[in-house]
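Protein sequence lines, in the order shown, are assigned to chains L and P.
Just so you know, we're using our numbering here: the first sequence kicks off at 1 and counts up by one.
Just so you know, we're using our numbering here: the second sequence kicks off at 386 and counts up by one.
Have a look at the structure below before the remarks.
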Amino acid sequence: MILHEFIDYSTLKVIWWVLLGVLLIGFAVMDGFDMGVGALLPFVAETDIERRVVINTIGPTWEGNQVWFILAGGAIFAAWPPLYAISFSGFYLAMFVVLAAMILRPVAFKYRSKRPDPSWRTAWDWALFTGSFVPALVFGVAVGNVLLGVPFSLDNDLRMTYEGSFFGLFSPFSLLCGLLSVAMLVMHGAVWLVMRASGDIAKRARLFGTVAAISGIILFALGGYLVYSGYVEGFRITSDVDPNMQANPLAKQAVIEAGAWMNNYTAYPYLWAIPGLGFVGLIGTLLLLQTRLEMLIFPFSKTAVSGIIATVGISMFPFILPSSVQPEASLTVWDASSTHRTLFNMLVATAIFLPLILVYTAWVYKVLWGKVDEETIERDNHTAY
Amino acid sequence: MEFDVVDLSRLQFAMTALYHFLFVPLTIGLSILLATMETVYVMTGREIWKRMVKFWGTLFGINFVLGVATGLTMEFQFGMNWAYFSQYVGDVFGAPLAIEGLMAFFMEATFVGLFFFGWDKLSKRQHLAATWAVAIGTNFSALWILIANGWMQNPVGSMFNPDTMRMEVTSFFDVLFNPVAQAKFVHTVSAGYVTAAMFMLGVSAWYLLQGRHVAIAKRSMAIASAFGFASALSVVVLGDESGYEANLNQKMKLATMEAMWETEPAPASFHIVAWPDMEKRENLYAIEIPYVMGLIATRSLDTVIPGIKDLVDRSKDRIRQGAIAWDALQKIRANPETAGEDIRETFEQNANSLGFAYLLLPYTDNPMEATTEQVEAAAWSTVPNVFPMFYAFRIMVACGFYFIVFTSVLFYYSSKGRLDVLREKRRWILHLAVWSIPLPFIACEMGWFIAEYGRQPWIIESMLPTSVGVSSLSVTEVLLTLAGFVVLYSTLLVIEVALMIKYIKIGPDDGEPADGQQPTAEQPVSGAATVPAE
């Protein structure tokens, strides 16, 4: 069958680059507010019943949201195998920390309210906090490292050697990215709580959301300035590349160059709209948090999350994982994908199932919509978390 | 004992997978049982079936969440610990994992929220649809995971590409309809159904022994014994199909399961007990039943099943052939542009044995110059340790036949409406049901072990040795994460079992007092004695 040849190999690569962004944004938007809520849990809610209110705003839906994480992992494996192999083995211990934290999360949701003992419940509250805060921080730090370039090299058999260490991941710029990620998700989670909870919880969430939005604006601007000024160097391909080439990361030449992450904006000025969206989202959220228009805030905080993540992707294109020690081994959109056939088959599967997922997810949210407060928890004492 | 990164990574994968597989079979089976019970509820409108769904649903939830939590690790561990494998096979192997997420796990995880929280927000039929979506999603998950796993056992529909240094898909259709994957899928989900049925039987038997929640326990037993009996038959029949497929493409796995060192005249005999000795390469002791093995594995009287020693001899030829492919590959890699057609042709002709050349790498840097002794050593490295294979297989099969007998006995009593006879006169059968709860879990773990340990030394059967697939990590890093996973998983398992026991003791919400007290009335709540007649 030559069905896959209906779409150019190079076009499919770009489509899968966009889909990679869609999945990461999907993960950050959907699982992101769960993480924000988890990270805020010990601070916006004091009594047990308040904490149960907070948890139950996301209780019935966190499981589905978390699948975005699994799906992103699977899709990277299928569409960008070298990216899957190099990033997860390179960031080995950091990935372990993320997994350990994320393993605690589902268990904490489910087991917390199974026993009345206060110390049992407090322990699971902190597990929820850890399971939400730690991944939010580490994902940001990881993205910072990707922008800086990751210290990996490839030999002629494409076997990867990683030359960094766990603590080497924490540089000032990558920490800034980590904090931006935390601020962004805390803001997103706070907006969710303003919308789904009420009373004291919503009031405290407004305060935390405001602080997080201001921090987000400052950190996003500062991060952008560090890239713009050349403090964070970018990467540039210096040889001719055939976008239809077979996957082989070693077939090109590339250099590290200050300001290279700005090249796409210079060539296509309308791309400034993407970081612009990030700011619109952040500022809109900040302003609306001060009003009573609670149902209007969420679209803005979604826009902020999407804009910030898309900015990283756009700035780096066509790079997806640059190597700081062997720039020519960097993974790019053109040389690190699966085959033409696999990209096509996976696109067909995605085109069928992703819309379905969006439809039934929307339906489930619609069914479960409504404010959660102390009364609803007491009424559903048996079924609620 | 000294461990290297390969051993530790294998240990970590085995440990995390075995833990994951403690929870998954129960989820697979209980999801179907829940959907079945709820269907009865919607069709008959009897409240008791709703209470059953809610009660077994609570236990399902406690178990489900650990399946989800431990499953996270599985999705990322290939990249973390098996980076070269991931890069080598991602084009083929990644797709089923991604589709699992898209098609199955998303549905399962999204609707499971409605299952628990949607009782008052949905109509009866809508809620039933949500429950079925969970069950179907769960079972489809298993399908896609086993398509991925089946490909590791029988790598069809793909080819090695020397220019990209990886296996690439030639036919996605062949990967999907891989006979090994299909046999494995039905075998594995059936095993899950048996696990859930035995679990439900054991817990219900405990209530009957205590004289609590009798109405619910009887109905649960009726449904679980019928479901369990059908599934136990299916698991053995489909297990036999897996054995047949193994003889077609994984002859070494079959020979080690059987501790068959020499090729016997057809039809071969089956060893009931044996004492295999890896050093001497023979069985120190064995009891055999003539003909049975040949019949099972070949379904004929005259097809010969090769023994371990003959298979090792065959490997020697493939190692020599693989060395030629390896040598041609080095030339192509050194100069992809100028490597002549003749070199590429030499490679193509020998490419399907390339993996065997990698087996020489622990002994020599240049497989082309391998000595006879080195080839001999590499060929013997294709034999997994026979002793654990042999006994894991026998434990699994013994459990399988026990499940058929045991579920059929309970099915008999419950369909005749004679469960009270068990309560009054044959209490030992109910005690046996309680003590049998761990058995299907043991059988499932054994099955995983046979499938995966029996594939060694290959990570992709005959294509890529496990030792080549590993990431470039340090021993310290893997030790740290291994220790971390052991502590984390073990803690969670202890908490899970404690919560299970607690909620089993509390029991279903059917108006009876919870936990340990004698029920106020012996008479059935709503005509329990007539269960099967409904």
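For each residue, glycine too, the CB sits at the ideal point set by N, CA and C.
Considering only the alpha carbon of each residue, which of the options lies closest to residue i?
i: Thr648 of chain P; options: P:Ala615, P:Arg705, P:Ser610, P:Asp687; result: P:Asp687
i: Leu531 of chain P; options: P:Glu837, P:Leu877, P:Pro850; result: P:Glu837
i: Phe449 of chain P; options: P:Ile728, P:Phe463, P:Ser416, P:Asn751; result: P:Ser416
i: Phe525 of chain P; options: P:Lys890, P:Ile608, P:Ala566; result: P:Ala566
i: Tyr473 of chain P; options: L:Ala78, L:Val97, L:Leu282; result: L:Ala78
i: Met422 of chain P; options: P:His512, P:Arg551, P:Asp662; result: P:His512
i: Pro172 of chain L; options: L:Leu222, L:Trp192, L:Arg292, L:Arg51; result: L:Leu222
i: Phe317 of chain L; options: L:Leu3, L:Ser330, L:Ser324; result: L:Ser330
i: Asp373 of chain L; options: L:Glu328, L:Thr122, L:Glu50, L:Phe170; result: L:Glu50
i: Asp392 of chain P; options: P:Val427, P:Ala742, P:Phe470, P:Ser852; result: P:Ser852
i: Gly692 of chain P; options: P:Val768, P:Tyr743, P:Ile709; result: P:Val768
Where does residue i fall in DSSP's three states?
i: Glu233 of chain L; result: strand
i: Thr455 of chain P; result: helix
i: Ser364 of chain P; result: The structure shown does not extend to residue 364 of chain P, since chain P is modelled only from 386 through 919, so no value can be given for it.
i: Arg551 of chain P; result: strand
i: Asn244 of chain L; result: coil
i: Ile2 of chain L; result: coil
i: Leu254 of chain L; result: Sequence check: residue 254 of chain L is Ala here, not Leu. Note: Ala254 of chain L maps to strand in three-state DSSP.
i: Val689 of chain P; result: coil
i: Ala611 of chain P; result: helix
i: Ile25 of chain L; result: helix
i: Trp80 of chain L; result: coil
i: Phe166 of chain L; result: coil
i: Ala670 of chain P; result: The sequence as given places Tyr at residue 670 of chain P; Ala does not occur at that position. Tyr670 of chain P falls in the strand class under three-state DSSP.
i: Phe388 of chain P; result: coil
i: Phe317 of chain L; result: coil
i: Ala783 of chain P; result: helix
i: Ile160 of chain L; result: What sits at residue 160 of chain L in the sequence shown is Met, not Ile. The answer is strand: DSSP assigns Met160 of chain L an E or B state.
Could you tell me whether any Cβ in chain L is nearer than 8 Å to the Cβ of residue i?
i: Gly912 of chain P; result: Summary for Gly912 of chain P: the model assigns pLDDT 37, below 50, so the residue's position carries little reliability; its value from the coordinates is reported in the next sentence. Taking Cβ atoms only, chain L never reaches closer than 8 Å to Gly912 of chain P, which makes this a no.
i: Leu795 of chain P; result: no
i: Ser875 of chain P; result: no
i: Gly498 of chain P; result: yes
i: Asp392 of chain P; result: no
Contact criterion: CB-CB distance below 8 Å. Does residue i meet it with respect to chain P?
i: Thr61 of chain L; result: yes
i: Asn156 of chain L; result: yes
i: Arg106 of chain L; result: Here residue 106 of chain L is Pro; the residue named in the question, Arg, does not match the sequence. Yes, its Cβ sits closer than 8 Å to a Cβ of chain P.
i: Lys371 of chain L; result: no
i: Pro275 of chain L; result: no
i: Asn264 of chain L; result: no
i: Met160 of chain L; result: yes
i: Phe167 of chain L; result: no
i: Gly36 of chain L; result: no
CA-CA distance, residue i and residue j?
i: Ser605 of chain P; j: Ser113 of chain L; result: 27 Å
i: Gly164 of chain L; j: Asp155 of chain L; result: 17 Å
i: Phe279 of chain L; j: Ala310 of chain L; result: 12 Å
i: Gly199 of chain L; j: Phe208 of chain L; result: 15 Å
i: Pro540 of chain P; j: Ser627 of chain P; result: 16 Å
i: Gln715 of chain P; j: Ala480 of chain P; result: 29 Å
i: Gln290 of chain L; j: Val44 of chain L; result: 17 Å
i: Arg597 of chain P; j: Glu809 of chain P; result: 14 Å
i: Val54 of chain L; j: Ala399 of chain P; result: 37 Å
i: Cys177 of chain L; j: Phe220 of chain L; result: 8 Å
i: Val37 of chain L; j: Leu419 of chain P; result: 31 Å
i: Ser406 of chain P; j: Ile827 of chain P; result: A small correction: the amino acid at residue 406 of chain P is Phe; Ser does not occupy that position in the sequence shown. The straight-line gap from Cα to Cα measures roughly 10 Å.
i: Ala883 of chain P; j: Val599 of chain P; result: 23 Å
i: Met642 of chain P; j: Leu623 of chain P; result: 17 Å
i: Glu730 of chain P; j: Thr723 of chain P; result: 14 Å
i: Leu593 of chain P; j: Pro823 of chain P; result: 19 Å
i: Glu862 of chain P; j: Leu321 of chain L; result: 23 Å
i: Ala609 of chain P; j: Ala615 of chain P; result: 10 Å
For residue i, count neighbouring C-beta atoms within 10 Å of its own C-beta (all shown protein chains included) and say buried if the count is 16 or more, exposed if not.
i: Val790 of chain P; result: exposed
i: Met459 of chain P; result: buried
i: Glu726 of chain P; result: exposed
i: Asn770 of chain P; result: exposed
i: Gln390 of chain L; result: Because chain L spans 1 through 385 in this model, residue 390 of chain L falls outside it and cannot be assessed.
i: His270 of chain L; result: First, the residue type needs correcting, since residue 270 of chain L is Tyr and not His in the sequence shown. Exposed, by the Cβ-count rule.
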